[in-house]
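Below is one structure, written out as structure tokens; the observations come after it.
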Amino acid sequence: YYLKKPTEQQKSSNVDLIGSLPALYPCKICANDLEDQIKESPPRVLTREHLEQWFCEIHNQINRKLGKEEFDCKFVAKRWRDGWDDGSCD
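Numbering (the numbering used here), first residue to last: 24 to 113.
Structure follows, in structure tokens:
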């Protein structure tokens, strides 16, 4: 979990980590797309909530390109952190 109030060092480290992800993608087209997305919309690392929303928005950009349904980002914490109210996994 990303901290609610990360230090400047933690923010910087997270930006570096996210910036390194395209180099790990086996698909060069996907890697280039992600690299472009990161440049166009740099990671918002101010708080946990900012970063969760940023990841969700990036996820939805990819879904749009793939013709997949977008995820409603207002539910990001329930989906990937806290869990659904009914206890289901998905």
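Glycine included, each C-beta is placed from N, C-alpha and C at the ideal position.
In three-state DSSP terms, what is residue i?
i	result
residue 58	helix
residue 110	coil
residue 53	helix
residue 42	helix
residue 67	coil
residue 92	coil
Rounded to whole angstroms, what's the CA-CA distance from residue i to residue j? Just pull it up for me.
i	j	result
residue 44	residue 74	15 Å
residue 48	residue 54	5 Å
For the alpha helix (DSSP H) that contains residue i, what are its first and last residues?
i	result
residue 79	71 to 89
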